[in-house]
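Worksheet for the structure shown next.
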Amino acid sequence: MKEASSRARNLRHVTAALGGAANGTMKSKREMDHLERTANNFRQEVISPAKVCGFTNESETVKRLCLAVINKDFTFKAGQWVDFFIPGLDVVGGFSICSSPGLLEQEGVLELAVKHTVHPPAHWIHTQCTLDSEVALRVGGDFCFDPQPGDSPVNLVLIAGGVGINPLFSILLHVADLYTSQETKGNGYKMGTVKLLYSAKNTNELLFKENILGLMNAFPGKITCDFHVTQQSLQVCEELQPYIIEGRISAKDLEKHASKDTLWYICGPPPMIESISKLLKNLGVPADCIFFEKWW
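Letter by letter, the sequence shown follows residues 1 to 296 of full-length UniProt numbering.
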């Protein structure tokens, strides 16, 4: 990307929504609703009707929702979120998109992975939403990866905690689309490498793990991942074992990826973001190469 991402440098230290949302500090604002927390974030004008066209149980507490978007002018960038409007419900949800922009372009759908909570929109998705349920969506958020064909190549390190994987998985899928475009058409943005560091309590709470393994197999050496588990008690399945690291993400895990051509994207609980950002600063990573989105 130009100057290691001309757009991204203007967006560093962004906070936004993930079934939670944003303010400018590291302090949680649970009492504020999504629209209040994201009042200063970018929003598109387009609000599109959408229809639920598929469900997947991504984990015991997370439902993956597929939505057919009606408005052809509706677009988003990898890493952004949607305002989620439910008929008859006054509370507006805020959920990060976990699919790639390419899926919307090709099939007219996007995906959300929503954790079951008492928050009315999330509760509705888990208890009342059915196939063909109708909602409305509006894209927002400044946390994104959107390189243009002429931009300089960069490497990415994506750091996720828990359901903070959602916007980073969208970015990872977008990167895979960029690789595919280069390999099949020989044009578009020339992407560097991507390293995903993903931390959760245990392997059952690692969302999209099969998809991530598939991406590593499809793009060997280009996409790599370490899964960190902090409270693993059961035996790890053989397929995951080579990629499992017990314990939190440490400075040692980060320092091997530090370089002048690397951008760092972090999404997870505020304390994790604060800790990782401090570690990166101590490693000499420039502040304008670090981007984060926090969730509650």
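For each residue, glycine too, the CB sits at the ideal point set by N, CA and C.
Where residue i sits in the DSSP three-state scheme
i, result
"Cys-98", "coil"
"Asn-57", "strand"
"Val-163", "helix"
"Asp-253", "helix"
CA-to-CA distance, residue j to residue i, given in whole angstroms
i, j, result
"Gly-161", "Val-52", "27 Å"
"Ala-251", "Leu-279", "6 Å"
"His-123", "Val-114", "9 Å"
"Val-154", "Ser-199", "23 Å"
"Asn-41", "Gln-235", "43 Å"
"Phe-85", "His-116", "17 Å"
"Ile-276", "Gly-221", "24 Å"
"Val-92", "Gly-150", "38 Å"
"Glu-293", "Glu-60", "24 Å"
"Leu-213", "Gln-241", "11 Å"
"Glu-183", "Val-118", "45 Å"
"Ile-70", "Lys-63", "22 Å"
"Asp-253", "Met-272", "14 Å"
"Ile-165", "Arg-43", "22 Å"
"Trp-81", "Cys-237", "32 Å"
"Asp-288", "Asp-83", "27 Å"
"Arg-37", "Ile-223", "33 Å"
"His-228", "Asp-146", "27 Å"
"Thr-193", "Tyr-179", "10 Å"
Contacts around residue i, its chain only, beta-carbon distance under 7 Å, and the 5 residues preceding and following it disregarded
i, result
"Ser-99", "Leu-110, Glu-111, Ser-170, Leu-173"
Of the residues the options, the one placed nearest residue i, counting alpha carbons only
i, options, result
"Val-285", "Ser-48, His-257, Leu-65", "His-257"
"Glu-210", "Ile-290, Glu-239, Gln-44, Gly-102", "Glu-239"
"Leu-103", "Ala-68, Ile-223, Ile-125", "Ala-68"
"Thr-75", "Glu-58, Glu-105, Gly-54", "Glu-105"
"Asp-142", "Tyr-189, Lys-281, Lys-77", "Lys-77"
Paired residues, beta bridge with residue i - DSSP
i, result
"Pro-49", "Ala-136"
"Arg-37", "Note: Arg-37 sits in no beta bridge, so no partner."
"Leu-173", "Per DSSP, none; premise fails for Leu-173."
"Cys-237", "Paired residues: none, contrary to the question."
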